[in-house]
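This report concerns only the one structure given below.
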Amino acid sequence: MNLHQLQSYTPRKKAKRVGRGGKRGTFSGKGTKGQKSRAGAGVKPGFRGGDNRIWQLFPKQRGASKKPGSSRPHAKHRFYQLRHSKSFPINLEALNKFSEGQEVTPEALVDAGIVSSAQSGIKILGGGELKKKLSFKGFVFSQSAKDKIAKAGGTIHE
996 MNLHQLQSYT
1006 PRKKAKRVGR
1016 GGKRGTFSGK
1026 GTKGQKSRAG
1036 AGVKPGFRGG
1046 DNRIWQLFPK
1056 QRGASKKPGS
1066 SRPHAKHRFY
1076 QLRHSKSFPI
1086 NLEALNKFSE
1096 GQEVTPEALV
1106 DAGIVSSAQS
1116 GIKILGGGEL
1126 KKKLSFKGFV
1136 FSQSAKDKIA
1146 KAGGTIHE
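Under the working numbering, read the sequence shown as residues 996 to 1153, first letter to last.
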């Protein structure tokens, strides 16, 4: 089946065209007079006959995230910029992919597909167990990660 062969199970319902003569009589289901009975006429949503729309009666709230058109409930202001970039965290358990005695660098992690980019730095955390003796270079370590690397017989080069 292709896209051009898709069909609905039920046929589309046609909108009733009123005011064309026939059995409905004089006003064709539109009632007598008034704006809603005229051809092409209608009332916009929220229009209250010249009075204020209901949302205009409520007090306005200050702040960038309260502006109309804000898509998120806590949207940041357009001038807001995050000033720092944190290093990417990785648990020790993910490094068991490497072979025994191999030197692990940020570039090696990118090549292995463990991280997408090493630009903002990588921090190795002590989650899980390290089962291989590895050599590390160019990382930031948590204290528990340092202890587990030393316990496995690995080395850390600054």
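Here a beta-carbon is modelled for each residue, glycine too, at the ideal position from N, C-alpha and C.
In this structure, P1101 is the residue among D1106, S1111, P1101 and S1115 with its C-alpha nearest to the C-alpha of S1130.
Remark: C-beta atoms of I1109 and F1134 do not approach each other more closely than 8 Å. Boundaries for P1006: no beta strand (DSSP E) harbours it, and the DSSP string shows neither H nor E there.
When the five nearest sequence neighbours on each side are left out, the beta carbons in the same chain lying within less than 7 Å of the beta carbon of A1107 are those of K1092, in order along the chain.
Where L1104 is concerned, there is no enclosing beta strand (DSSP E), although the alpha helix (DSSP H) around it starts and stops at P1101 to A1107.
Residue range S1130 to K1132 is occupied by the beta strand (DSSP E) that includes S1130. Contact check for K1127 against A1147 passes: the beta carbons are separated by less than 8 Å. As the crow flies, the alpha-carbon of A1036 is around 18 Å from that of T1021. Put simply, the backbone Cα of T1027 is about 21 Å away from that of F1042.
If you draw a straight line from the Cα of R1033 to the Cα of K1039, it is about 14 Å long. Comparing alpha-carbon positions, the option among L998, H1079, K1031 and Q1000 lying closest to V1013 turns out to be K1031. The beta-carbon separation of V1099 and L1090, rounded to 6 Å, stays under the 8 Å limit for a contact. For E1124 and H1079, the gap between their C-alpha atoms comes out near 31 Å. In this structure, G1024 is the residue among Q1138, G1149, G1024 and L1001 with its C-alpha nearest to the C-alpha of K1011.
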